[in-house]
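A.B. asks: In our numbering, the protein residues as written are 41 to 130.
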């Protein structure tokens with residue numbers, strides 16, 4: 041499983057993430073919140089209702105997969121996908 045963060049917006053207390061994972065050749069999108077103050081770093085990942093249904097049809101527990109994705113993000117096991125227009129004016 042490969043995880044990529046496509047977009048991150050950082051706030052004062054939390055960061056908001058949009059990303060995807062590649063699982064057996066299938067791209068599954070997710071949204072999440074990352075925060076880390078008391079108790080260390082933490083991430084909460086959610087799949088859309090459609091993605092949850094598709095995972096269940098393939099025999100994959102969406103909650104278990106979300107836990108695995110969250111753990112990998114906290115451990116730094118992901119890549120950041122750069123937006124080609126990021127940082128350009130106009």
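Heads up, the beta-carbon is just placed ideally off N, CA and C, and yes, glycines get one too.
Predicted model, so just to flag it, every value in this text is computed and none were measured.
In three-state DSSP terms, what is residue 52?
C.D. replies: In this structure, residue 52 counts as coil in the three-state DSSP scheme.
A.B. asks: In angstroms, rounded to a whole number, what distance separates the CA positions of residue 119 and residue 91?
C.D. replies: Whole-angstrom Cα-Cα distance: 21 Å.
A.B. asks: Tell me the DSSP secondary structure of residue 103 in three-state form.
C.D. replies: It is helical.
A.B. asks: In chain order, what residues of the same chain lie with their CB nearer than 7 Å to the CB of residue 100, ignoring the 5 residues before and after it?
C.D. replies: Closer than 7 Å at Cβ, skipping near neighbours: no residue.
A.B. asks: May I have the straight-line CA-CA distance separating residue 88 from residue 71, to the nearest angstrom?
C.D. replies: Those two C-alpha atoms are separated by around 8 Å.
A.B. asks: Since residue 83 contacts residue 56 with CB under 8 Å, what's their CB separation in whole angstroms?
C.D. replies: Wrong, their Cβ atoms sit about 11 Å apart, outside the cutoff.
A.B. asks: Only counting the same chain, and skipping five residues up and downstream in sequence, which positions put a Cβ closer than 6 Å to that of residue 121?
C.D. replies: If we look at residue 121 and ignore the five residues flanking it on each side, its Cβ neighbours are 44 and 46.
A.B. asks: Between the C-alpha atoms of residue 104 and residue 81, what's the straight-line distance to the nearest angstrom?
C.D. replies: Their backbone Cα atoms lie some 19 Å apart in a straight line.
A.B. asks: At what residues does the beta strand (DSSP E) containing residue 116 begin and finish?
C.D. replies: Taken as a continuous stretch (DSSP letters only), residue 116 belongs to no beta strand (DSSP E), as it is neither H nor E.
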